[in-house]
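Worksheet for the structure shown next.
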């Protein structure tokens, strides 16, 4: 089987980095494409290259109602992220029939590039649907851009200057009956 390019487009994109360090400390370079309607594309498989390097394939759905298409291009170690437990701020306290466990995390982000980088950073905290288990978000520094309390995710959207290092903190507590085990 032989593949032949019928047509090739260079499409301008907006680039952003994404990281959810609780899941993976890798940062992902994301491209957001808009204005695809002017290319009169057909639905189907498309090959994606970035800096003249093959990065993968995607399915084009030009008849979609979405105005923009988002593609994950690659992981990029030039924007580094490290998530560490802040042991000095983590503790368990027993009072009567309840136990309160406090957890705290420090996330350090560094832009090792010579250009600025937009980063979307997400950190998860537990939520509870049980009235006997109470979760409190104790500290979020700096203030998050978004806090989706229904799913327990804080999001920061920041622009990192070249060589810039920033820290982010999330601390939460979980109060539960002492006789109940909690899965973390």
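In the working numbering, the protein residues as written are 9 to 192.
For each residue, glycine too, the CB sits at the ideal point set by N, CA and C.
As the structure is a prediction and not an experimental result, all values here were calculated from the model.
- Ranked by Cα distance from residue 143, the options 161, 33, 20 are led by 161.
- Taking every protein chain shown into account, the CB of residue 73 has fewer than 16 other CB atoms within 10 angstroms, so this residue is exposed.
- According to the DSSP secondary-structure assignment, residue 149 is paired through a beta bridge with 177.
- The C-alpha of residue 51 lies about 16 Å from the C-alpha of residue 79.
- For residue 24, the uninterrupted beta strand (DSSP E) segment begins and ends at 22-28.
- Exposure of residue 45 is indicated by the presence of fewer than 16 other C-beta atoms within 10 angstroms of its C-beta.
- Annotation for residue 112: the continuous beta strand (DSSP E) segment containing it runs 106-119.
- A residue is called buried once 16 or more other Cβ atoms fall within 10 Å of its Cβ, and residue 190, having fewer, is exposed.
- By the C-beta density criterion, residue 10 is exposed, having fewer than 16 other C-beta atoms within 10 angstroms.
- Comparing alpha-carbon positions, the option among 48, 16, 32 lying closest to residue 91 turns out to be 32.
- Residue 115 and residue 135 do not touch by the CB rule: their CB atoms are close to 19 Å apart, not below 8 Å.
- Contact check for residue 117 and residue 148: beta-carbon distance about 15 Å, past the 8 Å limit, so the pair fails to qualify.
- Non-local beta-carbon contacts of residue 125 in its own chain, meaning distances under 6 Å to residues more than five positions away in sequence, involve 25, 87, 119, 168 in chain order.
- When the beta-carbon positions are compared, residue 97 and residue 82 stay at least 8 Å from each other.
- Closest in alpha carbon position to residue 145, among 139, 153, 157, is 157.
- Contact between residue 99 and residue 110 is confirmed by a C-beta separation of about 5 Å, below the 8 Å threshold.
- Beta-bridge pairing by DSSP links residue 67 to 53.
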